[in-house]
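Trainee:
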Amino acid sequence: CGIFGVVGVTDAASFVALGLHALQHRGQEAGGIVTHHPEHGFNSARRFGYVRDNFTRPDVIATLPGSIGIGHVRYSTAGSKGATAIRDVQPFFGEFSMGGAAIAHNGNLTNAAALRRELIERGSIFQSSSDSECIIHLMARSIQKTISERIKDALRRVEGAFSVIAMTRTKLIGVRDALGVRPLVLGRVGDSGWALASETCALDIIGADFVREIDPGEMVIIEGNKVESSRPFGAAKSRFCIFEQVYFSRPDSQYGGRSVYETRRQIGVELAREAPVEADIVCPVPDSGTPAAIGFSQESGIPFALGITRNQYVGRTFIEPTEQIRNMGVRLKLNVNRALIKGKRVILVDDSVVRGTTSRKIKDMVLEAGAAEVHFRIASPPTAWPCFYGVDTPERSKLLAATMTEDEMRDWIGVDSLKFISLDGLYRAAGEAAGRDPAAPKFCDACFSGDYPVVPSDKIEEGFQM
Ligand code: 5GP
Ligand code: SF4
Ligand code: MG
3 CGIFGVVGVT DAASFVALGL HALQHRGQEA GGIVTHHPEH GFNSARRFGY VRDNFTRPDV
63 IATLPGSIGI GHVRYSTAGS KGATAIRDVQ PFFGEFSMGG AAIAHNGNLT NAAALRRELI
123 ERGSIFQSSS DSECIIHLMA RSIQKTISER IKDALRRVEG AFSVIAMTRT KLIGVRDALG
183 VRPLVLGRVG DSGWALASET CALDIIGADF VREIDPGEMV IIEGNKVESS RPFGAAKSRF
243 CIFEQVYFSR PDSQYGGRSV YETRRQIGVE LAREAPVEAD IVCPVPDSGT PAAIGFSQES
303 GIPFALGITR NQYVGRTFIE PTEQIRNMGV RLKLNVNRAL IKGKRVILVD DSVVRGTTSR
363 KIKDMVLEAG AAEVHFRIAS PPTAWPCFYG VDTPERSKLL AATMTEDEMR DWIGVDSLKF
423 ISLDGLYRAA GEAAGRDPAA PKFCDACFSG DYPVVPSDKI EEGFQM
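The opening residue of the sequence shown carries number 3 in this note's numbering; numbering runs sequentially from there.
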């Protein structure tokens, strides 16, 4: 999901709409905005579909007055699957004795099922099927005197990955879980406003200056011109999601002073060193394979070519929640440039192999177009484990790499060669010169390594074996 918040601007809703538009790649199912105005109170709008189709409409924006607002774009990983219900669309809102508050959550709580059971037993009335709603109910049960203290209380009880943006009538609040699994950044808007966003690309679109990342385990409370920082969860160590670097984030966003594009290009460089192959052209599977293909071409000296064209009017296949839509998706979205491919030995660079269905269809298209050889190079290690922290990887049995060796995957996809970047190579590309330190890895890489930094307790209760 993508989250955005702003305070200290005239017409916050327009800023939030723009920020969410820049974060659309993080969730395409639905979006929501909450604002507050001293006379009109809290107002909200939740809509299915793209931000541009809903929140650019003057009649919608006019219902959201105020100089403070937050928003959310949804991608369902928890809660209702396939058909998102409007009641699952964030931000969630609650009235407390000290006033109202809205929250937007990116990530996934790994103990939400247990918390929900407990809360319902004690009288909470849930409105949605979303894991994030637990936070509002935990806040309602807190005995603290301020909203910010209640948020702290609530977030001390949840486990898993969360970046949260919350608002009261006057305060904009940002929190990141102790491992900083999901991103959150702070920006300055002119000289009176502040913004919080999942990624820096959402600051760029509103002309805000990037100030810094919120640290793992940090909470910021912004009011007027003040940004107050605290560490409610004790000592924190960063385990930022490495898949944000590979696929999820936009390439023009920055983490740790470096663009995601540069990390992806560097993955291609590492891949060319680890798994060289003689060929005539290097083609990305657009868009997510493009920067790595550029790096591969630069390092290998094999010419880069756009052998596959992506229809820009189709969303991310990754984010389509049902298998059926995802199956059709490949042809709706990608087409081969025959003239370029015919008779050539082709290296295809893609970001990941999950179920393997995409790779197999692309191979079919490239062979039909007359390629002499097809070699797959993958910008992530084999995805062998599900993610429980906010990325929708399927259960183990559906992951190709959970049931097959690399050679078996090559034969199943039906290509001349298939190589994945090593975990060490991926860490080097992400700026860790020494590779992955198994005793203290710098990133979450559980979907590749099976090394889960937070015990997925709900899933274990359901029978998942680590
Ligand atoms: P596959 O067909 O192997 O399941 O999907 C892999 C390709 O589709 C990659 O190009 C990736 O960008 C995208 N994709 C589709 N679904 C998923 C998913 O659930 N997880 C990941 N990591 N990538 C996915
Ligand atoms: Fe990211 Fe994979 Fe960890 Fe999920 S399991 S947070 S996708 S690295
Ligand atoms: Mg892709």
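The beta-carbon is built from N, C-alpha and C at its ideal position, and this holds for glycine as well. Every value quoted in this text rests on a predicted model; they were computed, and no experiment measured them.
Tell me which residue opens and which closes the beta strand (DSSP E) that T395 is part of.
Mentor: On the sequence shown, position 393 is the one that residue 395 refers to. That residue, T395, is in no beta strand (DSSP E); it is neither H nor E in DSSP.
Trainee: Our contact map puts C203 next to A24 with C-beta atoms below 8 Å; I'd like the distance itself, whole angstroms only.
Mentor: Here residue 203 corresponds to residue number 201 of the sequence shown, with the count starting at 1. Here residue 24 corresponds to residue number 22 of the sequence shown, with the count starting at 1. Rounded, the Cβ-Cβ distance is 5 Å, consistent with contact.
Trainee: Note down the Cα distance separating D282 from N339, rounded to an integer number of angstroms.
Mentor: Taking the first residue of the sequence shown as 1, we reach residue 282 at position 280. Taking the first residue of the sequence shown as 1, we reach residue 339 at position 337. Each residue's Cα considered, the two are about 15 Å apart.
Trainee: On a CA-only basis, which of S424, C449 and C446 is nearest G437? Give me that one, please.
Mentor: Translated into positions along the sequence shown, residue 437 becomes position 435. Looking at S424, C449 and C446, the one whose alpha-carbon comes closest to that of G437 is S424.
Trainee: Compare the Cα-Cα distances from P305 to each of R333, L342 and F245 and report the closest residue.
Mentor: Reading the sequence shown from its first residue, position 303 is the one you call residue 305. Cα-wise, what sits closest to P305 is L342.
Trainee: Would G4 pass as a contact of N108 if the rule is Cβ separation under 8 Å?
Mentor: To locate residue 4, count along the sequence shown from 1; it is residue 2. To locate residue 108, count along the sequence shown from 1; it is residue 106. Yes. Within cutoff.
Trainee: Residues in the same chain with beta-carbon distance under 6 Å from F242, minus the five sequence neighbours each way, listed in chain order, please.
Mentor: Residue mapping note: residue 242 aligns to position 240 of the sequence shown, counting from 1. Here the set comprises G182 and F445.
Trainee: Provide the residue span of the alpha helix (DSSP H) that contains M141, from first to last.
Mentor: Position 139 of the sequence shown holds residue 141. Looking at the DSSP string, the run of the alpha helix (DSSP H) that includes M141 is E135 to R143.
Trainee: Count the other C-beta atoms from every protein chain shown that fall within 10 angstroms of the C-beta of A51, then say buried if there are 16 or more, exposed otherwise.
Mentor: Taking the sequence shown and counting its residues from 1, one reaches residue 51 at position 49. Residue identity differs from the one stated: residue 51 is Gly in this sequence, not Ala. By the 10 Å Cβ count, G51 comes out exposed.
Trainee: Does the Cβ of I138 have 16 or more other Cβ atoms within 10 Å, making it buried, or fewer, making it exposed?
Mentor: For the purposes of this step, residue 138 is identified with residue 136 of the sequence shown, where counting begins at 1. Answer is buried; the Cβ neighbour count reaches 16.
Trainee: Among A373, L334 and V332, whose alpha-carbon lies nearest the alpha-carbon of K346?
Mentor: Walking along the sequence shown from the start, residue 346 turns up at place 344. Checking every option, the nearest Cα to that of K346 belongs to A373.
Trainee: Is it buried or exposed, K147, if we count other Cβ atoms within 10 angstroms and call 16 or more buried?
Mentor: Position 145 of the sequence shown, counting from 1, holds the residue named residue 147. By the 10 Å Cβ count, K147 comes out exposed.
Trainee: Is it buried or exposed for S232, if we count other Cβ within 10 angstroms and need 16 for buried?
Mentor: Sequence index remark: in the sequence shown, residue 232 carries index 230 (1-based). Result: exposed.
Trainee: Near the ligand SF4, which residues have their beta-carbon less than 6 Å from any of its heavy atoms, given in chain order?
Mentor: V183, C243, I244, F245, C389, Y391, V393, C446, D447, A448 and C449
Trainee: Checking the sheet assignment: what are the DSSP bridge partners for S165?
Mentor: Mapped onto the sequence shown, residue 165 falls at position 163. For S165, which the question treats as bridged, DSSP gives the partners N108 and R178.
Trainee: Should G270 be listed as close to the ligand MG, given that the test is whether its C-beta is under 7 Å from any heavy atom?
Mentor: In the sequence shown, residue 270 corresponds to position 268, counting from 1. Flag unset: Cβ of G270 not near the ligand MG.
Trainee: Going residue by residue through the segment 343-369, where are the continuous alpha helix (DSSP H) segments of at least 4 residues, counting only ones entirely within it?
Mentor: none
Trainee: Enumerated in chain order, which unbroken segments of the alpha helix (DSSP H) with a length of 4 residues or greater are wholly contained in the segment 7-92?
Mentor: You should have 14-24, 53-56 and 60-63.
Trainee: Going by the C-beta, is V287 closer than 7 Å to any heavy atom of the ligand MG?
Mentor: Position 285 of the sequence shown, counted from the first residue, corresponds to residue 287. The answer is yes for V287.
Trainee: Please list the segments of the alpha helix (DSSP H) lying wholly inside the segment 200-270, counting only runs of 4 or more residues, in order along the chain.
Mentor: 203-207
Trainee: Taking 7 Å as the cut-off, is the beta-carbon of S130 closer than that to any non-hydrogen atom of the ligand MG?
Mentor: Along the sequence shown, one-based indexing puts residue 130 at 128. Checking every heavy atom of the ligand MG against the Cβ of S130, none is found closer than 7 Å.
Trainee: Under a three-way DSSP split, which group does W196 fall into?
Mentor: Position 194 of the sequence shown, counted from the first residue, corresponds to residue 196. Three-state result, W196: strand.
Trainee: How do the segment 27-41 and the segment 116-133 stand: do at least 3 beta-carbon pairs fall below 8 Å, yes or no?
Mentor: Contact between the segment 27-41 and the segment 116-133 is absent: fewer than three C-beta pairs spanning the two stretches fall below 8 Å.
Trainee: Quick one: is L66 buried, meaning 16 or more other Cβ sit within 10 Å of its Cβ, or exposed?
Mentor: Looking up residue 66 in the sequence shown gives position 64. Here L66 is buried. Its C-beta has 16 or more other C-beta atoms within 10 Å.
Trainee: Judging by CA-CA distance, which residue of R398, A32 and R275 is the nearest neighbour of G427?
Mentor: The residue you call residue 427 lines up with position 425 of the sequence shown. The option with the nearest alpha carbon to G427 is R275.
Trainee: Could you tell me the alpha carbon to alpha carbon distance between A19 and Q314, rounded to whole angstroms?
Mentor: Here the question's residue 19 lines up with position 17 in the sequence shown. Here the question's residue 314 lines up with position 312 in the sequence shown. Taking the straight line joining both Cα atoms gives about 21 Å.
Trainee: Distance check for T292 and T170, CA to CA, integer angstroms please.
Mentor: Along the sequence shown, read from residue 1 onward, the residue named residue 170 stands at position 168. Along the sequence shown, read from residue 1 onward, the residue named residue 292 stands at position 290. Approximately 41 Å between the Cα atoms of the pair.
Trainee: Hey, quick one: how far does the beta strand (DSSP E) through I310 stretch, first residue to last?
Mentor: The count along the sequence shown starts at 1 and reaches residue 310 at position 308. First-last of the beta strand (DSSP E) with I310: I310 to R312.
Trainee: Out of A432, C389 and R430, point me to the one whose CA is closest to M468's CA.
Mentor: For the purposes of this step, residue 468 is taken as residue 466 along the sequence shown, with counting starting at 1. Among A432, C389 and R430, the Cα nearest to that of M468 is on C389.
Trainee: Counting pairs of Cβ atoms below 8 Å between the segment 182-201 and the segment 209-217, do you hit three or more?
Mentor: yes
Trainee: Classify A307: buried if its beta carbon has 16 or more other beta carbons within 10 angstroms, exposed otherwise.
Mentor: Taking the first residue of the sequence shown as position 1, residue 307 is located at position 305. Buried, by the Cβ-count rule.
Trainee: Mind checking whether the beta-carbon of D353 lies closer than 7 Å to any heavy atom of the ligand MG?
Mentor: The residue given as residue 353 occupies position 351 in the sequence shown. Checking the Cβ of D353 against the ligand MG gives yes.
Trainee: Using a threshold of 8 Å, state whether the C-beta atoms of D409 and E375 are closer than that.
Mentor: Mapped onto the sequence shown, residue 409 falls at position 407. Mapped onto the sequence shown, residue 375 falls at position 373. In this structure, E375 does not lie closer than 8 Å to D409 by Cβ.
Trainee: Locate the alpha helix (DSSP H) running through R124, then write down its first and last residues.
Mentor: As a working note, residue 124 is residue 122 in the sequence shown. If you look at R124, you'll find it isn't in any alpha helix (DSSP H); DSSP assigns it neither H nor E.
Trainee: What does the Cβ neighbour count give for A435, buried or exposed, with the cut at 16 atoms within 10 Å?
Mentor: For this step, residue 435 is matched to residue 433 along the sequence shown. With fewer than 16 Cβ atoms within 10 Å of its Cβ, A435 is classed as exposed.
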